[in-house]
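A.B. asks: Chains as they are written, first to last, in the numbering used here: chain G, 666 to 988; chain E, 156 to 732; chain C, 110 to 484.
#1: Within a Cβ cutoff of 6 Å, which residues of the same chain sit near residue 117 of chain C, ignoring the five residues on either side of it in sequence?
#2: Buried or exposed: where does residue 607 of chain E fall if 16 or more other Cβ atoms within 10 Å of its Cβ makes it buried?
#3: Looking only at its own chain, which residues have a Cβ that is under 6 Å from the Cβ of residue 309 of chain C, when we skip the five neighbours before and after it?
#4: Hey, how far is the Cα of residue 242 of chain C from the Cα of residue 722 of chain E?
#5: In its own chain, which residues sit with a C-beta less than 7 Å from the C-beta of residue 352 of chain C, not counting the 5 before and 5 after it?
#6: In whole angstroms, give me the CA-to-CA distance for residue 251 of chain C and residue 862 of chain G.
#7: Please confirm whether residue 555 of chain E has its beta-carbon closer than 8 Å to some beta-carbon of chain C.
#8: Cα separation between residue 918 of chain G and residue 888 of chain G?
#9: In its own chain, which residues sit with a C-beta less than 8 Å from the C-beta of residue 896 of chain G, not counting the 5 before and 5 after it?
#10: Among G/874, G/733, G/968, which residue has its Cα nearest to the Cα of residue 135 of chain C?
#11: What number of angstroms, rounded off, separates the C-alpha of residue 465 of chain E from the C-alpha of residue 383 of chain E?
#12: Take residue 683 of chain G and list the residues in its own chain whose beta-carbon comes closer than 8 Å to its own, dropping the five residues that flank it on each side.
#13: Going by DSSP, what residue range makes up the beta strand (DSSP E) through residue 548 of chain E?
#14: Going by beta carbon distance, what residues of the same chain come within less than 7 Å of residue 401 of chain E, once the five residues before and after it are set aside?
#15: Are the segment 363-377 of chain C and the segment 400-418 of chain C touching by the rule of at least three beta carbon pairs closer than 8 Å?
#16: Just how far apart, CA to CA, sit residue 523 of chain E and residue 554 of chain E?
#17: Residue 225 of chain E: buried (16+ other C-beta within 10 angstroms of its C-beta) or exposed?
#18: Tell me, please, whether the CB atom of residue 259 of chain C is closer than 8 Å to any CB atom in chain G?
#19: If you drop the 5 nearest sequence neighbours on each side, which residues of the same chain put their C-beta closer than 7 Å to that of residue 282 of chain C?
#20: Between which two residues does the beta strand (DSSP E) carrying residue 213 of chain C extend?
#21: May I ask you to list the residues that DSSP assigns as paired with residue 196 of chain C?
#22: DSSP beta-bridge partners for residue 306 of chain C?
#23: Note down, one range per segment and in chain order, each beta strand (DSSP E) of at least 3 residues found wholly within the segment 748-828 of chain G.
#24: Could you have a look at residue 453 of chain C and say whether DSSP puts it in helix, strand or coil?
#25: Distance cutoff 8 Å, beta carbons only. Does residue 52 of chain C sit that close to anything in chain G?
#26: So residue 436 of chain C is in the beta strand (DSSP E); what residue range does that whole segment cover?
#27: Are the beta-carbon atoms belonging to residue 691 of chain G and residue 793 of chain G less than 8 Å from one another?
#28: Count the C-beta pairs between the segment 383-390 of chain C and the segment 321-329 of chain C that are closer than 8 Å, then say yes if the count reaches three, no if not.
#29: Going by the CB atoms, is the gap between residue 567 of chain E and residue 719 of chain E shorter than 8 Å?
#30: Can a CB atom of chain E be found closer than 8 Å to the CB of residue 240 of chain C?
#31: At 8 Å on the CB atoms, spell out the chain C contacts of residue 707 of chain E, in chain order.
#32: Can you give me, in chain order, the residues of the segment 347-375 of chain C that have a beta carbon less than 7 Å from any beta carbon in chain E?
#33: Report yes or no: do the segment 775-791 of chain G and the segment 673-683 of chain G share at least 3 C-beta pairs separated by less than 8 Å?
#34: How would you call residue 294 of chain C, buried or exposed, if buried means at least 16 neighbouring beta carbons within 10 angstroms?
#35: Provide the residue(s) that pair with residue 295 of chain C in DSSP beta bridges, ordered along the chain.
See the structure below:
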């Protein structure tokens, strides 16, 4: 039984390939973070090694080992630090040339292959060109455009899309027993990233922190100039600054939607009251300007601008709200 | 197109604009006047980057009262009738001309007293016209104050950069003169703050300490006067551990005149070949003395560019002087450990850095490659470093990349790959110069496929590569068969090594040669890699071989091969003192 | 699990399986040794997913069971115990192995035996048999020529071909090739051709010392090769890929053939090696025929920095005079595994391979590509 949430079309294609005994030697799963690339890849590896009747059965020794990461013929290669490095590729190449220990395939799963250094990617080309007969290579990457065209052309590409919110909410309720309201909220917030929704369900502090950040944002709107500058200083040292700004960005998007009268599309449905209140006081251009300010801030941070200055500019650009 | 006849006044302004481009040009002309007047002490003040005020005071011989107006007379003004004349004025540049040019575009106040005269004179001009003149009591010497520069040429004013940039230019200029006139006491104040002050001891090293700080001066190597072909070269150059992002700190003086000469700077850079990381440049203060008839200074109105009559000889002598000094001695890069005491001591009272920090000035501490902590006693307590390495005792290996060794001066960390690259580079160069590069026939030729551009280039250079041990035969299309490779090159690295060489050749950087590139590539690919565990025997062997190389401190790409932690540094780190 | 065995036996068993323990693996269980009861014996297993070794130690088993424990810790502890009886028992709840020997006791935390990879045992039908002494000699003659650079994985293996006539091992890196053949006591009925990692053969050589003969089984899926000895088993994964067709590289004709006394030649080369060290290991061989099939061999090496060395040997020469250069390390590697009194070197010209053969010995051919000095 496949446990991957969504991506039914990809699962169907993979099942057909196994049934027809025409397993591609190289596969690439692309898609946004937490959309389920690695999970699907690992499940496919399990399906290849599975000893049960309906692979992946999830019950047999092989499936169990693949899920636990202890199957001798399934090798996971993750970026070491920020990159997949040439040394990792060299080791892997030798391993791949050896026959499998238990199963019929030696499977290697390389996650986030877009982080591979040029040397590593080039070295790996050789293996992709002439993979050993028993080898199955699975790559994951955020976007196919981030890989060398020569790598891309040798892989069967599965471009995974964000999973529909309804599908995620349903899975959270059925498999994790999440209450409906919570499941819906998480599904909406996840923007299709299944992994994030599950993580947030299992770690309630994620939602709590979001509440806190949004509360702070609201507070900032009624804050004085001096308080905003203080906030800029405080936030500039926050390790997850980009994520926070990203969250605020989704908030401003909601304000914009609210101003435009598109209530049904908003993400932070649980904050509908606050959104509505701000939208009443703000004009559409003002909301758009605020949204742009977050975009600019993220862009400037990307280019190593001084975080505090960036935040000061952003905070001061937000129209003050009468308390 | 015939040049429209301009009123003399306008022409003067244009001409002045050619000589006086910016506040720094004013400073330069006034400074040269002061030096010519035999001053031993020259004080320069600027305000708002020199835009509002440039004041140069000296204790020189002064101008006799009856010649003061003459100083501002433009000898050629009356002849200014044709374009040719205009041109000639620019190219002459004799004394007085500059002052006239400055006076044409600003408000000038000159106060002077000639040695041997009772009283001095004060004269005030605006736009070249004398407004006021009076007698004045003052010590011998001259003070020229230039205010509101370009007040009557708004277009010129527009070209000026920010105040800090202009101030930076002035500081750079004054620094240069301070270096070459080490016997004079020069000071520069900007907006009332002291930027630099030299002691006038006559020692270049003292000036360098003042300008760059002890941490940098310590890493400089002296070139004692070196004479060949009637050309004398002397100065201070940076050790390979010290380098900059641009060539701005290559300061050249010909017959005590600051010049800018890109090709000579390049020649100096060449002398550092393989010692500096790619794209980095040395810090150099070099003074050339040669017979005046061998230099032509009059090719640019600002006299910043010169033409050498015997250019090739000049380059050769300079390169040889630099190379000799480098080979003879330079210190191992010293590890920089952040410490509480490091920054404070010697910098105290040298607030010139404060200005430098905000303007693009010759000394920008961020640009410096490796730095030593500013500890004055460092020099005394450590044996004078020399080009050769001391005897090192191998202690062990860390991260399968660095060899830890102990020497008389403390601890050394050696990058095994970089060190072996240096060894291989010198071996290969010796082989190349001697019997030839050893090559190994392959059991089974390796087929390589290249990009079309690379293939064309390779095909044209098969013969050249043979000399480095590659026997390659075309195999149709962009495919080649490698039959023979330089000894020690792993078969798996053949195509990478060739690719690197071809890429470098295609980039066609200045000064590319197959010779250099082949030796660098081969030394890199035949050297032991980082990440390889070495036995104690292998490590000892490697260190012993490194000791024997001529330039043990850098790899052929210019990275350091070893870093030194002095006993004193270690003791400080452990708070033993 | 509850059993007892003798310290000497356990220590020996651990040293046999010890080299197969993975040193740097992503699977923690691979740095452990599996201890499992097997009827009246204790079975020790280790694997690095390339080579697996099983070894049986006589034991007095009172309760069946299995556990994996860290190899280093267990080995170091057992090695430091006195040569007496050791009692081992597994505390199942905590997956801890308790060891008791005289007045010494230790508890070692383990990982569930279920985590350990299962190495399947093949059927016996394609068995071949080797005399251990012959096998060791053959391994010595080929493994050194296998590539250590992993850029072409097939070259890190030893090509092994079994036919009803016997076995042929071949190994090559990019510069040399070693081929050795021999009849064997029991050969398979049909031809089998596989590539065995050189490391596996080296390990086999090390642990096969006491056995008289070794049985080799190739699993029908050609996935693995098994070497079975009394109380010891070595299983190796095979290298997949196509080994170069080495037979066409071996020259069949020569223009010069020289025969020298192996010991003399070795000595001359060892001396030359000292001087060649700083000069890419180049040694020059000048082969000069005299009348009546006799001749001289001049071995020389030059170090630009340190000087040179020349040795002269009396040899027999057939054919043309020649001067040819080789990597002296490669010559020494080959000569050191030749046990006949005389050795032959054949070549066509200075750019053709040098062929080294023992005179009147086993079927062994070694090929070395020459070196040059580029001008």
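All C-beta atoms in this analysis are idealised placements derived from N, C-alpha and C, irrespective of residue type, glycine included.
Note that this is a predicted model, so its numbers are computed, not measured.
C.D. replies: Well, looking at it:
#1: 192
#2: exposed
#3: 160, 345
#4: 57 Å
#5: 263, 268, 304
#6: 58 Å
#7: no
#8: 21 Å
#9: 881, 885, 888, 976, 980
#10: G/733
#11: 13 Å
#12: 712, 713, 720
#13: 548-553
#14: 436
#15: yes
#16: The predicted position of residue 523 of chain E is uncertain, since its pLDDT is 37 and thus under 50; a value taken from the coordinates is nonetheless stated next. Using only the alpha carbons, I get a separation of about 27 Å.
#17: exposed
#18: yes
#19: 254, 255, 256, 264
#20: 213-218
#21: C/113, C/209
#22: C/266
#23: 771-775, 800-806, 821-824
#24: strand
#25: Outside the displayed range of chain C (110 to 484) lies residue 52 of chain C, so it cannot be described from this structure.
#26: 431-436
#27: yes
#28: no
#29: yes
#30: no
#31: Ordered by position in chain C, no residue passes the 8 Å Cβ test against residue 707 of chain E, which lies about 16 Å from the chain.
#32: 353, 358
#33: no
#34: exposed
#35: C/238
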